[in-house]
Amino acid sequence: MIDGTPGESELAQELPALAPGPAEQRLAGLRERAARGDPAHLRRYALALSVRGHPELAAREWEDLTRLQPSSLPVWFNLATARLLCNRPAGAADALRRAREAFAHDPAVVAQVDARARELQVARDRVAQELRLQELQAAALRERLAAGCGEPGDRLRLARLLASLMYSSGGSVTVDETLAAARAAHAEAPSAPAALELLVAVLTQAQLFEEQAEALRKLEAVAPHSEVLTGVREVSRPNPSFEADVAARRSRTRDLLGRAIEGDPEAEGEIRDRLRQYPDAPEYRIGLIMALDSRGERAEALRMARALAAARDGDHYVHFHLTQFYWHLGDPGEARRHCVRALQTAPNVRDREEVHVMLRTIGAGPLITEVAGDA
């Protein structure tokens, strides 16, 4: 949403037309100016990230702007939109709730926010219905194939449904399930471009790059003008501006969490602030759990750990870190349970291997053999 702020309309028209190289240079320049703290420059940078397809980074910038420009309705709406594009509908709803509070004194603006919230709820309901329909269709295809009554193309249809469920917020399908279906679809029709395109996409998600490279070679042989080929080449190009932004944010977050665990009250306060800003970000909840435990508030740390595990049972990242928390706490039973879940929810082979590395690092090597059968 643009409200006529000088330069924003021109920027929104300019950026989509830029080739990758010039676009990266333009983003780098905008990022440098935004780093000085001027809200106008920060706003243009957030808009540029949104336009160039980086909604996760854009959401962080729009969130910062809600504190700098809380009276700007476009800032709140753009935050909600960015979170929605990141498959975070709950975060989008939270942004609109906070916008309503910020404009409680203005009935006309509250009406606009309520209208947008209703649109969001309608969209969420529609997505939930579509998700359920896809789950039923996938179950029916699985039954038909298991009974030996499958028709040509059923395996590809099943793989596509599973891929859609895998990418959906709230979907219960893992990358391993989808990959098995994509491989089966490719085996049924080895030269079919559609099956190869899907296999490439799922291998990319699974980070199995050697197998992906082989699938890409096959795809190039049968469909050299495939849009999937073009897309993979595009994302393979280095993007210094985007990578620098991600690296800087990760570095700041690691430093903040480290200071909080060491007992820095200012760092802990900032983590609590960020939790209010980013309620869907488990890294801050885990950081607070570790900080509470390090200063002896074990009961509260345990309460938060149990609540986090219940809320994010399918989250590999959460179980990965709760394994460490419970092991250091001296509770091998809970550590083992979360270790099994960390392995079960790992999205790819590399993440499963990192669980084993983590166990050896914290001195929990015996768990590796204990959980092998359960995971």
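My numbering runs 1361 ahead of the 1-based position in the sequence shown.
Glycine included, every Cβ here is placed at the ideal spot set by N, Cα and C.
Values in this document were obtained by computation on a predicted structure and should not be read as measured data.
9 Å Cβ cutoff met for residue i and residue j
i	j	result
E1781	T1614	No answer is possible for residue 1781: the residues shown for the chain start at 1362 and end at 1736.
A1420	G1452	yes
T1706	A1696	no
L1445	L1492	no
L1569	L1577	no
L1502	A1546	no
L1617	I1647	no
R1637	E1627	no
S1533	E1496	yes
A1441	A1456	yes
E1558	L1580	yes
Minimum C-alpha distance to residue i - residue among the options
i	options	result
A1548	V1593, L1560 and Q1386	L1560
D1467	L1494, L1434 and A1489	L1434
E1424	T1730, P1450 and R1635	R1635
N1709	A1567, D1625 and A1508	A1567
A1574	R1516, L1388, A1671 and V1593	V1593
A1543	V1563, L1526, S1529 and S1533	V1563
A1642	A1628, E1623 and A1672	A1672
R1494	E1731, L1526 and R1397	Checking the sequence shown, residue 1494 turns out to be Leu, not Arg. For L1494, the nearest C-alpha among the options comes from L1526.
P1727	E1627, A1582 and G1694	G1694
L1690	E1658, D1676 and V1716	E1658
A1556	E1623, T1565, A1520 and A1628	A1520
M1665	E1731, H1677 and Y1687	Y1687
R1711	L1457, T1565, D1692 and G1624	T1565
V1488	A1396, P1450, A1454 and R1394	P1450
R1698	G1724, T1722, I1723 and I1729	I1729
R1656	H1682, D1676 and G1624	G1624
Sequence-distant residues of the same chain with beta carbon closer than 8 Å to residue i, five excluded per side
i	result
P1400	L1426, L1429 and Q1430
E1475	According to the sequence as given, residue 1475 is Asp; it is not Glu. Counting only Cβ-Cβ distances below 8 Å, and skipping sequence neighbours, we find R1461.
E1714	none
F1603	For F1603, the pLDDT reaches just 49, beneath the cut-off of 50, and the residue's location in the model is therefore unreliable, leaving the point undetermined.
I1308	This structure leaves residue 1308 out entirely; the chain is present only between 1362 and 1736.
L1506	D1515, R1516 and L1519
V1436	R1404, W1423, L1426, T1427 and Q1430
Continuous alpha helix (DSSP H) stretch holding residue i: start and end
i	result
S1411	P1400 to V1412
T1442	L1434 to L1446
S1533	Run containing S1533: none; DSSP gives neither H nor E here.
R1656	Run containing R1656: none; DSSP gives neither H nor E here.
G1694	P1693 to Q1705
H1682	H1677 to L1690
P1416	P1416 to L1429
D1455	P1450 to A1463
Q1573	F1570 to V1583
A1380	Looking at the DSSP string, A1380 is not in any alpha helix (DSSP H), and its letter there is neither H nor E.
H1717	V1710 to T1722
A1567	P1554 to A1567
Sequence-distant residues of its chain with Cβ nearer than 7 Å to residue i (five each side left out)
i	result
V1718	none
E1422	L1403, Y1406, A1407 and L1410
E1538	L1523
A1584	P1554
P1416	A1443, L1446 and C1447
Q1498	L1522
A1582	none
Residues near residue i in its chain [Cβ-Cβ closer than 6 Å; skip 5 each side]
i	result
A1662	I1650, L1653 and D1654
Q1473	none
R1702	H1680
Q1490	none
S1432	none
Q1374	none
E1463	Here residue 1463 is Ala; the residue named in the question, Glu, does not match the sequence. Within the same chain, A1463 has close Cβ partners P1431.
V1716	A1703 and L1704
G1511	R1505
Proximity test, Cβ basis, 9 Å: residue i and chain D
i	result
D1676	Any reference to chain D falls outside this structure, which holds one protein chain only.
Any non-hydrogen atom of the ligand ZN closer than 8 Å to residue i Cβ
i	result
L1391	Ligands are entirely absent from the displayed structure, and the ligand ZN is therefore not among its contents.
task: May I have a chain-ordered list of the alpha helix (DSSP H) segments no shorter than 4 residues that lie completely inside the segment 1491-1530?
output: With a minimum length of 4 residues, the continuous alpha helix (DSSP H) runs that stay inside the segment 1491-1530 are 1515-1528.
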